Amino acid sequence: MFELNQLEQLLAVAECGTLSGAAERLHLSQPALSRSMQKLEGELQVALFERQKNKISLNGNGKLAVELARRVVEQANNMIEQVRAFDRSQRTILIGSCAPAPLWELGSWASGIYPDMTVSSEMKENETLLDGLKKGTYQCVILPYPIEDPDLYGFPFETEQLYFSLPPAHPLSSEKGLYFKDIDGETILLLSQIGFWKKLCDEKMPSTHALMQTEQADFAELVQASALPSFVSSMSMRYDGKPKNRVVIPLLDPEATVTYHFVCRKAEKSKLEALIQKVKSNWK
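So that you can map any letter, position 7 of the sequence shown is 7 in full-length UniProt numbering, and since no number is skipped, the others follow by simple counting.
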């Protein structure tokens, strides 16, 4: 029976178009790759290549074999990913979130509830989180919208609203409410790790120049010393307080207020029941 690496080699030959190119990509000698392809033909009992002097190309059998090999390799890789994800799930709780604020308490709660497991978290795009949850990469995820899926369980647990943080001398500091467009075109201070909020800001403020900061402490210090607008949220002010010497004005765009949803697979709901109850009891 042929081996998986032979199918991967066949795909490399098809993609590179030459044995020499495929051998270089695979870090093999060309004679070794040629022997491997000959062995694959022997095991399939069909010719896969048209061979001419100093030239080799796929025949009809070879083209079909490449199409089928691609499916087999994809299925094998998917199997590896799922088995590894299942193994991790027995020892690890990986929490994925669309934004940073929901993770501020969730990670520590999970560590306290499951002291014998490794708890970690990360921020990813919404689609990546949902796909990872279904594949078992994540045990639970935080999304900015509800999910209707018969295999998933979710509930709303927290609302976050964005605010502009402006210096008192800013022309708009006396307003009771603002829209993204009101600040569009200005230079603002912005944290880099803010999850889906970054994409929203880019969409709503396309002409704005953002001075990105990676560290929360540096960002807070720069805000205090700067005359540039920045953002805060209802959740950040709940944990860190209102920025000093700044005027905080709510954003009126509907997209500036989001309700987060805790989502897990129904198959793992009983395993996460203690965490689910903790979230429900603390975030109302």
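Note that CB positions come from ideal geometry on N, CA and C, so glycine has one too. Note that the structure is a prediction, hence the values are computed from the model and not measured.
* Using the Cα positions of ILE249 and HIS170, report the straight-line distance between them to the nearest angstrom. => Roughly 12 Å separates the two Cα atoms.
* Could you give the DSSP three-state label for THR128: helix, strand or coil? => In the structure shown, THR128 sits in a helix (DSSP, three-state: H, G or I).
* Asked: For GLN6, which option in ALA210, GLU127 and VAL73 has the closest C-alpha, if you only look at C-alpha atoms?
  -> Measuring from the Cα of GLN6, the nearest candidate turns out to be VAL73.
* Asked: In this structure, what does DSSP give as the bridge partners for VAL258?
  -> VAL258 has GLU160 as its beta-bridge partners, per DSSP.
* Asked: Taking the alpha carbon of CYS264 as the point to measure from, which residue in LEU189, PHE155 and SER207 has its own alpha carbon closest?
  -> CYS264 has its Cα closest to that of PHE155, out of LEU189, PHE155 and SER207.
* Neighbour-count burial assignment, ILE150, 16 or more Cβ in a 10 Å radius -> The question names Ile, but residue 150 in the sequence shown is Pro. Counting other Cβ atoms within 10 Å of its Cβ, PRO150 stays below 16 and is therefore classed as exposed.
* Under 8 Å between C-beta atoms, does LYS135 make it to chain C? -> In the structure shown, chain C cannot be found, because there is only a single protein chain.
* Asked: Taking DSSP as the reference, what is the three-state secondary structure of GLN139?
  -> Under the three-state reduction of DSSP output, GLN139 falls in the coil class, being neither helix nor strand.
* Asked: How close, in whole Å, do the beta carbons of SER173 and LEU166 come, if the pair is a contact with beta carbons under 8 Å?
  -> Rounded, the Cβ-Cβ distance is 5 Å, consistent with contact.
* Thinking C-alpha only, which one of MET235, GLU50 and GLY241 is nearest PRO100? -> Relative to PRO100, the option among MET235, GLU50 and GLY241 whose CA is nearest is MET235.
* By DSSP, does ARG246 sit in helix, in strand, or in coil? -> Note: ARG246 maps to coil in three-state DSSP.
* **Where GLU50 sits in the DSSP three-state scheme** => Residue state, collapsed to three classes: strand.
* Applying the criterion that 16 or more other CB atoms from any shown protein chain within 10 Å of the CB defines a buried residue, is PRO254 buried or exposed? -> So PRO254 counts as exposed.
* Asked: Counting Cβ pairs closer than 8 Å, one from the region 175–185 and one from the region 198–212, do we hit at least three?
  -> Three or more pairs of CB atoms, one per stretch, sit closer than 8 Å, so the region 175–185 contacts the region 198–212.
* What is the DSSP secondary structure of MET237, reduced to helix, strand or coil? -> For MET237, the three-state secondary structure derived from DSSP is helix.
* **Bridge partners - CYS264, DSSP secondary structure assignment** => Looking at the DSSP output, CYS264 sits in a beta bridge with TYR153.
* **Unbroken stretches of the beta strand (DSSP E), 3 residues or longer, contained in the UniProt domain "HTH lysR-type" (2–59)** => Counting whole runs of 3 or more residues, the UniProt domain "HTH lysR-type" (2–59) contains the beta strand (DSSP E) stretches 49–52 and 55–58.
* Could you work out which residue in PRO31, PRO168 and PRO115 is closest to ILE93 when comparing CA atoms only? => Residue PRO115 is the option with its Cα nearest to ILE93.
* Classification of THR259 by the beta-carbon crowding that lies within 10 angstroms, buried from 16 upward -> THR259 should be labelled exposed.
* State the DSSP-derived secondary structure class of SER281, mapped to helix, strand or coil. => SER281: helix per DSSP, three-state reduction.
* Which of the three DSSP states, helix, strand or coil, is assigned to GLY107? -> Three-state result, GLY107: helix.
* Asked: Out of curiosity, what's the CA-to-CA distance linking ILE194 and PRO102?
  -> Distance between the alpha carbons of ILE194 and PRO102: 11 Å.
* Asked: Start and end of the alpha helix (DSSP H) containing ALA225?
  -> Per DSSP, ALA225 belongs to the alpha helix (DSSP H) from 216–225.
* **Selected residue, minimal CA-CA separation from TYR11, among ALA47, PRO31 and LEU58** => It should be pointed out that residue 11 corresponds to Leu in this sequence rather than to Tyr. Of the candidates ALA47, PRO31 and LEU58, the one whose C-alpha sits nearest the C-alpha of LEU11 is LEU58.
* Beta-carbon proximity list for LYS198, same chain, < 7 Å, skipping 5 on both sides -> So the list is empty, once near-sequence residues are dropped.
* Quick one: give me the first and last residue of the alpha helix (DSSP H) that LEU200 is part of. => Counted as a single uninterrupted DSSP element, the alpha helix (DSSP H) harbouring LEU200 occupies residues 196–204.
* Identify, in the order they occur along the chain, each residue of the same chain with its Cβ nearer than 8 Å to the Cβ of GLN82, setting aside the five sequence neighbours on each side. => Once the five neighbours on either side are set aside, the close Cβ partners of GLN82 are LYS135 and GLY136.
* Asked: Does DSSP put GLN193 in a helix, in a strand, or in coil?
  -> GLN193: coil per DSSP, three-state reduction.
* Chain-order list of residues whose beta-carbon lies under 6 Å from that of LEU40 (same chain, five-residue window excluded) -> Only residues of its own chain outside the window of five on either side were considered, and among them PHE2 and GLN6 have a CB closer than 6 Å to the CB of LEU40, listed in chain order.
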